[in-house]
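Novice: The opening position of the sequence shown corresponds to residue 28 in the numbering used here, with each subsequent residue numbered one higher.
C-beta atoms are modelled at their ideal positions from N, C-alpha and C, and glycine is treated no differently.
One structure follows; several queries about it will come next.
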Amino acid sequence: MRNEKMYQLRLKMGLSQRQVAEAVGISQSSYAMIEGGHRHPRKEVEKKLADFFGVTVDELFFGRDNHGSRLEEGEPEGGGGGARGSPGD
Numbered sequence: 028m029r030n031e032k033m034y035q036l037r038l039k040m041g042l043s044q045r046q047v048a049e050a051v052g053i054s055q056s057s058y059a060m061i062e063g064g065h066r067h068p069r070k071e072v073e074k075k076l077a078d079f080f081g082v083t084v085d086e087l088f089f090g091r092d093n094h095g096s097r098l099e100e101g102e103p104e105g106g107g108g109g110a111r112g113s114p115g116d
């Protein structure tokens, strides 16, 4: 199953898979496999990708939305409502 969050963030930033891959130091084919849901990256690559997209590793790979991405800069930090780290997030 495709990593929809990664796909949408990349499209919103107007970047190709190759551009993201180069920015985080992996091959385009590795990035395509990760975004396409065919491979899960090593921990250090998870962190680089999350940092690149301005989200947490949990949000990018496990669907836990702890805060907004860097694409939502107009929102104050911690915005989005709800307590951070509450059960059920």
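So, is residue 50 buried or exposed, given that buried needs 16 or more other C-beta atoms within 10 angstroms?
Specialist: exposed
Novice: How many angstroms separate the CA atom of residue 37 from the CA atom of residue 53?
Specialist: For residue 37 and residue 53, the distance between alpha carbons rounds to 15 Å.
Novice: Within its chain, find whatever has a CB closer than 6 Å to the CB of residue 32; leave out the 5 residues flanking it on each side and keep chain order.
Specialist: 87
Novice: May I ask you to report which of helix, strand or coil DSSP gives residue 95?
Specialist: Bear in mind that the predicted position of residue 95 carries a pLDDT of just 47, short of 50, making it unreliable; the figure below should be weighed with that in mind. Residue 95 falls in the coil class under three-state DSSP.
Novice: Report the three-state DSSP secondary structure of residue 76 (helix, strand or coil).
Specialist: helix
Novice: Report the CB separation of residue 47 from residue 58 in whole angstroms; it is logged as a contact under 8 Å.
Specialist: 6 Å
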